[in-house]
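First the structure, in the form of structure tokens, and then the observations on it.
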Amino acid sequence: MLAFNFRLKFIWIGISLLAFASVLGACGGTETAAPVIHTVVVEKEVEKEVVKEVKVKGDTVEVVKEVEVVKEVEVIKEVQVAPAAPLTGDGVQRGGEVIFGVRATFPKKWDMTQDSVFSSPQHLARHYNGLLQFSGRDGSTVIPSLATDWEIGADATEFTLTISPDAKWHDGTALTIDDIVWAVDRYPNPPEGIKFPRVAGFKGITSVEAVGSDKLKITIDATDVGFLLELADPWHIIVPRHIAETGIDSADKLVGTGPWMVDEFERDNFVKSVPNPNYHRNAPDGSPYPYLDTITSVQFEDNEAAIAALKTGRIDWLSEMNVESTFNFNKDEGDSFNYEQWINPGLTRLGLNNTRPPFDDIRAREAVYLAVDRLAYIDILQTPGLPTLNKPASFFGSTDPDWDNVPKLYGVNPHSRDEALAKAKRLAEESGLLDMSGELSILVNKGGTPSAEILKQLLEESIGLIVDVEVTDTPSMFARFGEQDFDLGRYGTGVLHLSPMSQILADWAPGAGRNYGWEAPQNWLDLLDKAKRTLQGPELDAIFAEMDRIMRDEWIPSVPLERVSGSTVISAPYIRNFDAVPGHKFKAFQLEDVWVTSDAPSGR
Numbered sequence: 296m297l298a299f300n301f302r303l304k305f306i307w308i309g310i311s312l313l314a315f316a317s318v319l320g321a322c323g324g325t326e327t328a329a330p331v332i333h334t335v336v337v338e339k340e341v342e343k344e345v346v347k348e349v350k351v352k353g354d355t356v357e358v359v360k361e362v363e364v365v366k367e368v369e370v371i372k373e374v375q376v377a378p379a380a381p382l383t384g385d386g387v388q389r390g391g392e393v394i395f396g397v398r399a400t401f402p403k404k405w406d407m408t409q410d411s412v413f414s415s416p417q418h419l420a421r422h423y424n425g426l427l428q429f430s431g432r433d434g435s436t437v438i439p440s441l442a443t444d445w446e447i448g449a450d451a452t453e454f455t456l457t458i459s460p461d462a463k464w465h466d467g468t469a470l471t472i473d474d475i476v477w478a479v480d481r482y483p484n485p486p487e488g489i490k491f492p493r494v495a496g497f498k499g500i501t502s503v504e505a506v507g508s509d510k511l512k513i514t515i516d517a518t519d520v521g522f523l524l525e526l527a528d529p530w531h532i533i534v535p536r537h538i539a540e541t542g543i544d545s546a547d548k549l550v551g552t553g554p555w556m557v558d559e560f561e562r563d564n565f566v567k568s569v570p571n572p573n574y575h576r577n578a579p580d581g582s583p584y585p586y587l588d589t590i591t592s593v594q595f596e597d598n599e600a601a602i603a604a605l606k607t608g609r610i611d612w613l614s615e616m617n618v619e620s621t622f623n624f625n626k627d628e629g630d631s632f633n634y635e636q637w638i639n640p641g642l643t644r645l646g647l648n649n650t651r652p653p654f655d656d657i658r659a660r661e662a663v664y665l666a667v668d669r670l671a672y673i674d675i676l677q678t679p680g681l682p683t684l685n686k687p688a689s690f691f692g693s694t695d696p697d698w699d700n701v702p703k704l705y706g707v708n709p710h711s712r713d714e715a716l717a718k719a720k721r722l723a724e725e726s727g728l729l730d731m732s733g734e735l736s737i738l739v740n741k742g743g744t745p746s747a748e749i750l751k752q753l754l755e756e757s758i759g760l761i762v763d764v765e766v767t768d769t770p771s772m773f774a775r776f777g778e779q780d781f782d783l784g785r786y787g788t789g790v791l792h793l794s795p796m797s798q799i800l801a802d803w804a805p806g807a808g809r810n811y812g813w814e815a816p817q818n819w820l821d822l823l824d825k826a827k828r829t830l831q832g833p834e835l836d837a838i839f840a841e842m843d844r845i846m847r848d849e850w851i852p853s854v855p856l857e858r859v860s861g862s863t864v865i866s867a868p869y870i871r872n873f874d875a876v877p878g879h880k881f882k883a884f885q886l887e888d889v890w891v892t893s894d895a896p897s898g899r
């Protein structure tokens, strides 16, 4: 619990892949029921086929399963933070409007599959479905989306999904199984000139085929017990071929199958959505989701304007507030708002362009890696009087099972700093890095500028390397990273990865959406293949530890800095069924079951 004087829901997210073990052999998922005012405990017997272990003998993979009869206990709780409003028979009030503020750069592309900015799902994802999705209640339970149920082959290389017969595109066009085959196959085989920066684990798909008129079979290149999570990844939406082939270049082309349809929009400003009258997923009352009449996402690049809008009731919640802004907001508003705080997962790093001098030489990369005093960097970033949430990270960020030992690593541990600094100076001289002093720059977005300035200072003080700081907008920054048009780049990954494998597939593996020219050595790639065949446990942890060691000692694609600091969502007390942590960290922005009590404002 943070030592603030306001009511705070403080959450640390640590999710094991084993949490999904029961899903691997099951068919379909169910959502948590709609919130009620009192705590309800439900106990029921459920028959489950559970994956117990995966045995690998040579090239043979054997999946051992057991059928268990277990008792599931569901605890459903809604904390009343505002006067009770009249509710319908199922405990939810339909109707009303929600306007929420987004604290980030507006998406550069209307096609969110081609963008990597975290504001894209907040503005756009509600108009689409994936094959599966993460529950907005916990962000970890895999539930239906376009698929109503699913089966996993014995060796976890084949995944067969049954598609809802009731889904159709917003423009009335029928949704066919061939549409879905095309949309999924597009990820591992993008059209010429198109990049999917968040493709992650879909790069391992080897075939996508229809099985009859209502089933889809996806085959991947190796056993991967975590692939089900990729099917629920919010970036892996299903887009319509009859729209996407000519380009999703305007909001009026946001034609999906999702719970919301675009009503009004203004580039770089807002997207207003109304319910899809033909939505295929029903709420517990038997009528289709969503509950609200309208939902609008509004962009705020200016912090003061966003806070003013929240205070005056022009928006109902505001995302991604840092600890300092939250602290100051609460001094004015107190408990008239709800505050949900979490320690951000992910990783902030200093990327090094491995494809051109000087960082095509591993000696130059190691010089920078050792030159940056990460404990000093975190200390300078820290705001006096506020909790210390930053922590040094490995290449796998907050997913690293050995994360707590990062401060003991060579070059991070204060006792090794003098020796590490001497080595950094020697390598900087030998590699010719210092010959380019004054010619290099750190590419960064506006929000990361203070961090980049600290890195600039530390590099000059430690090894005498002078660099500039080049500031640009977030979409342009990531575009230049993708084109490998940078020297050094400071950026972060705030999206929650469920395991080191998820982080690897997004950032480091060949073809990963945020692999900006990193070419892994063969011994690392061999371990990656082995990790895909191993269930979570001590053996897998040891594999990841060795992969991280190789990245530190033999590869050094970048300099891992820290876990991203804490963020807060501030919301009005009449908002129901929007859980900030699943929403923002898992990008669970379908918003199909969000509702408001009768005292919520309307007609804005």
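Quick note, in my numbering, the sequence shown goes up one by one and the last residue is 899. Glycine included, every Cβ here is placed at the ideal spot set by N, Cα and C. Keep in mind the model is a prediction, meaning the values are calculated, not measured.
Q: Give the secondary structure of Thr694 by DSSP, where H, G and I count as helix, E and B as strand, and everything else as coil.
A: Translated into the one-based positions of the sequence shown, residue 694 becomes position 399. Note: Thr694 maps to helix in three-state DSSP.
Q) Between Leu427, Arg432, Arg785 and Val393, which lies nearest to His531 when the distance is taken from Cα to Cα? A) Start at 1 with the first residue of the sequence shown, and residue 531 comes out as number 236. The candidate whose alpha carbon is nearest that of His531 is Leu427.
Q) Considering only the beta carbon of each residue, do Pro554 and Pro585 sit closer than 7 Å? A) As a working mapping, residue 554 is identified with position 259 in the sequence shown. As a working mapping, residue 585 is identified with position 290 in the sequence shown. Yes, they are a contact pair.
Q. According to DSSP, which residues form a beta bridge with Asn633?
A. Residue numbering aside, residue 633 sits at position 338 when the sequence shown is read from its first letter. According to DSSP, Asn633 bridges with Ser866.
(Q) Between Leu956 and Arg669, how many whole angstroms is the CB-CB distance? I'm expecting something under 8 Å. (A) Nothing can be reported for residue 956, as the shown portion of the chain is limited to 296 through 899.
Q. Is there at least one non-hydrogen atom of the ligand ADP closer than 6 Å to the beta-carbon of Gly808?
A. Looking for the ligand ADP in the displayed structure turns up nothing, as the structure carries no ligands at all.
**Q.** Burial state of Pro402, where buried means 16 or more other Cβ atoms lie within 10 Å
**A.** Here residue 402 corresponds to residue number 107 of the sequence shown, with the count starting at 1. Pro402 comes out buried.
Q | Cβ-based neighbour list, Ser853, same chain, cut-off 7 Å, excluding 5 preceding and 5 following | A | Within the sequence shown, numbered from 1, the residue matching residue 853 stands at position 558. For Ser853, where only same-chain residues beyond five positions count, the Cβ hits under 7 Å are Arg644, Leu645, Gly646 and Leu647.
(Q) If you follow the alpha helix (DSSP H) that Tyr664 is in, where does it begin and where does it stop? (A) Here residue 664 is taken as the residue at index 369 of the sequence shown, counted from 1. Start and end: Ile657 to Ala666.
Q.
So that I know if they touch, is there some Cβ in chain C lying closer than 7 Å to that of Ser897?
A. Included in the structure is just one protein chain, with no chain C present.
**Q.** Reference Ser631; option with closest CA among Val569, Gly608, Ser411 and Pro653
**A.** Counting from 1 along the sequence shown, the entry for residue 631 is found at position 336. The option with the nearest alpha carbon to Ser631 is Gly608.
Q) Which of helix, strand or coil does DSSP assign to Ala875? A) Counting from one through the sequence shown, the residue named residue 875 turns up at place 580. Here Ala875 sits in helix by DSSP.
Q. Does the region 718-731 come within contact of the region 746-753, defined as at least 3 CB pairs closer than 8 Å?
A. no
**Q.** Asn424 classed as buried or exposed, judged by whether at least 16 other C-beta atoms fall within 10 angstroms
**A.** Numbered from 1 along the sequence shown, position 129 holds the residue referred to as residue 424. Buried: at least 16 other Cβ atoms inside 10 Å.
Q. Can you tell which of Phe776, Phe491 and Thr863 has the C-alpha that lies nearest to the C-alpha of Arg398?
A. Residue 398 sits at position 103 when you count from the first residue of the sequence shown. The residue with the shortest Cα to Cα distance from Arg398 is Thr863.
Q) Would DSSP call Asn577 helix, strand or coil? A) Within the sequence shown, numbered from 1, the residue matching residue 577 stands at position 282. Three-state result, Asn577: strand.
Q) Would you call the region 556-567 and the region 448-455 in contact, with 3 or more CB pairs under 8 Å? A) no
Q | DSSP-derived helix/strand/coil call for Trp943 | A | This structure cannot settle anything about residue 943, because the visible part of the chain is limited to 296 through 899.
Q | When Thr468, Leu613 and Ile590 are compared against Ala601, the one with the closest alpha-carbon | A | Within the sequence shown, the letter at position 306 stands for residue 601. Checked all of Thr468, Leu613 and Ile590; the closest Cα to Ala601 is Leu613.
Q) Between Leu704 and Arg658, is the Cβ-Cβ spacing less than 7 Å? A) If you number the sequence shown from 1, residue 704 lands on position 409. If you number the sequence shown from 1, residue 658 lands on position 363. No.
(Q) Measuring alpha carbon to alpha carbon, tell me which residue in Pro485, Val412 and Arg775 is nearest Glu540. (A) On the sequence shown, residue 540 is found 245 positions in, with the first residue counted as 1. Of Pro485, Val412 and Arg775, the residue nearest in Cα terms is Pro485.
Q.
Count Cβ pairs between the region 663-681 and the region 819-836 that sit closer than 8 Å; are there 3 or more?
A. no
Q) Per DSSP, which one or two residues make a beta bridge with Lys463? A) Residue 463 sits at position 168 when you count from the first residue of the sequence shown. According to DSSP, Lys463 bridges with Ala469.
Q: With a threshold of 16 other CB atoms inside 10 Å of the CB of His575, please say whether the residue is buried or exposed.
A: In the sequence shown, residue 575 corresponds to position 280, counting from 1. Result: buried.
Q: Would you grab the beta carbon distance between Leu681 and Phe624 for me? Rounded to a whole angstrom, and I think it's under 8 Å.
A: Working through the sequence shown from its first residue, we reach residue 681 at position 386. Working through the sequence shown from its first residue, we reach residue 624 at position 329. Leu681 to Phe624, Cβ: 13 Å. No contact.
**Q.** 8 Å Cβ shell around Asn740 - same chain, five flanking residues per side excluded
**A.** Numbered from 1 along the sequence shown, position 445 holds the residue referred to as residue 740. Contacts found: Thr400, Val766, Thr767, Asp768, Thr769, Met772 and Tyr786.
Q) Apart from the five residues just before and just after Phe654, which ones in its own chain have a Cβ nearer than 7 Å to its Cβ? A) Taking the first residue of the sequence shown as position 1, residue 654 is located at position 359. Answer for Phe654: Leu647, Asn648 and Arg660, listed in chain order.
Q: Figure out for me which residue from Pro439, Gly467, Leu511 and Gly542 has the closest Cα to the Cα of Ile489.
A: Taking the first residue of the sequence shown as 1, we reach residue 489 at position 194. For the residues Pro439, Gly467, Leu511 and Gly542, the minimum Cα distance to Ile489 belongs to Gly542.
(Q) Alpha carbons only, please: which of Gly742, Ala717, Trp698 and Ile500 is nearest the one belonging to Gly706? (A) What you label residue 706 is simply residue 411 of the sequence shown in a count that begins at 1. Cα-wise, what sits closest to Gly706 is Ala717.
**Q.** Beta-carbon proximity list for Leu760, same chain, < 6 Å, skipping 5 on both sides
**A.** Along the sequence shown, read from residue 1 onward, the residue named residue 760 stands at position 465. So the list reads Ser732 and Leu754, once near-sequence residues are dropped.
(Q) Suppose contacts are defined by Cβ-Cβ distances below 7 Å. Is Asp909 in contact with Gly496 by that definition? (A) Residue 909 lies beyond the range of the chain shown here (296 to 899); nothing can be said about it.
Q: Could you pull the start and end residues of the alpha helix (DSSP H) that Leu800 belongs to?
A: On the sequence shown, position 505 is the one that residue 800 refers to. Leu800 -> alpha helix (DSSP H) spans Pro795 to Asp802.
Q | Contact the region 793-800 vs the region 825-842: 3+ CB pairs below 8 Å | A | yes
Q: Spatial neighbours of Ser415 within its chain, please: CB distance less than 6 Å, with the 5 preceding and 5 following residues excluded, ordered by chain position.
A: One-based indexing of the sequence shown puts residue 415 at position 120. Once the five neighbours on either side are set aside, the close Cβ partners of Ser415 are Pro402 and Met407.
**Q.** Secondary structure, alpha helix (DSSP H): runs of 4+ residues fully inside the region 510-570
**A.** 522-527 and 536-539
Q. Out of Gly777, Thr829 and Trp819, which has the shortest C-alpha to C-alpha gap to Ala807?
A. Your numbering for residue 807 matches position 512 in the sequence shown. When each option's Cα is compared against that of Ala807, the closest is Gly777.
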